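Asker: Numbering (this note's numbering), first residue to last: 125 to 283. Beta carbons are placed, not taken as given, at the ideal position from N, Cα and C, and that holds for glycine. From a predicted model like this one, the values you see are computed outputs, not experimental measurements. Below you will find the structure I want to go over with you.
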């Protein structure tokens, strides 16, 4: 099951708008969500720009949170039990000033899926997922930041 159709992307963004207005404020665009990866884009605009003219720290954090969170949500939707998840910690390396649209990608779908399958009812697990933020140029992509996010997942048991 892949979420590539524009209707599903619009549905997810509309749902996020109600649950987390800050995410909607940054105006993300979902490129794709698959079993293995999730990719979103954040535009550089008045909502995401810092006083230095580049994408602000808060907007970068929103992009990483959304990318990793959507991938976790994608896998949780397929599980028979009820799960809660949140990010418990983050380690960030800033590599380049993001002065244009930023693309966020998390390719840890297999890790998330395996972790969910191994989790017993009432058990909690912490895993580290990786989100890469890149800036597109005409010739190649440049890494702007690398996020190591500690994803905490709890199996609440049967629905």
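(1) To the nearest angstrom, how far is it from the Cα of residue 270 to the Cα of residue 204?
(2) Do you know whose CA, among 184, 158, 254, lies nearest residue 133's CA?
(3) Cα separation between residue 248 and residue 281?
(4) Among 177, 184, 279, which residue has its Cα nearest to the Cα of residue 267?
(5) Run the CB neighbour count on residue 191, radius 10 Å, all protein chains shown included, and call it buried at 16 or more, exposed below.
(6) Residues in the same chain with beta-carbon distance under 6 Å from residue 227, minus the five sequence neighbours each way, listed in chain order, please.
(7) Would you kindly report the start and end of the unbroken alpha helix (DSSP H) that includes residue 191?
(8) Tell me the DSSP bridge mates of residue 165?
(9) What does DSSP give as the partner residues of residue 207 in its beta bridges?
(10) Please state whether DSSP places residue 159 in a helix, a strand or coil.
(11) What first and last residue would you give for the beta strand (DSSP E) that runs through residue 173?
(12) By the three-class DSSP mapping on this structure, what secondary structure does residue 141 have?
(13) Roughly how many angstroms separate the alpha carbons of residue 138 and residue 251, rounded to a whole number?
(14) Using 9 Å as the threshold, is the C-beta distance between residue 188 and residue 236 below it?
(15) With distances taken between CB atoms, is the gap from residue 230 to residue 253 smaller than 9 Å?
(16) How long is the line joining the alpha carbons of residue 131 and residue 154, rounded to whole angstroms?
(17) Starting from residue 248 and walking both ways along the beta strand (DSSP E), at which residues does that stretch end?
Answerer: Checking against the coordinates, here is how it stands:
(1) Straight-line spacing of the CA atoms in residue 270 and residue 204 works out to 32 Å.
(2) Closest option to residue 133, Cα to Cα, is 158.
(3) Taking the straight line from one Cα to the other gives about 11 Å.
(4) With distances taken between Cα atoms, residue 267 lies closest to 184.
(5) With a threshold of 16 other beta carbon atoms within 10 Å, residue 191 meets it and is buried.
(6) Within the same chain, Cβ atoms closer than 6 Å to the Cβ of residue 227 are found at 165, 258, the five residues on either side in sequence being excluded.
(7) It spans 181-200 - the alpha helix (DSSP H) in which residue 191 sits, taken as one unbroken run.
(8) Residue 165 pairs with 153, 227.
(9) In DSSP, residue 207 forms a bridge with 279.
(10) In the structure shown, residue 159 sits in coil (DSSP, three-state: anything other than H, G, I, E or B).
(11) Segment: none, residue 173 is in no beta strand (DSSP E) and carries neither H nor E.
(12) Helix at residue 141.
(13) Roughly 28 Å between the two C-alpha positions.
(14) Contact check for residue 188 against residue 236 fails: the beta carbons are separated by 9 Å or more.
(15) Result yes, Cβ atoms of residue 230 and residue 253 sit closer than 9 Å.
(16) Roughly 11 Å between the two C-alpha positions.
(17) For residue 248, the uninterrupted beta strand (DSSP E) run begins and ends at 248-260, by DSSP.
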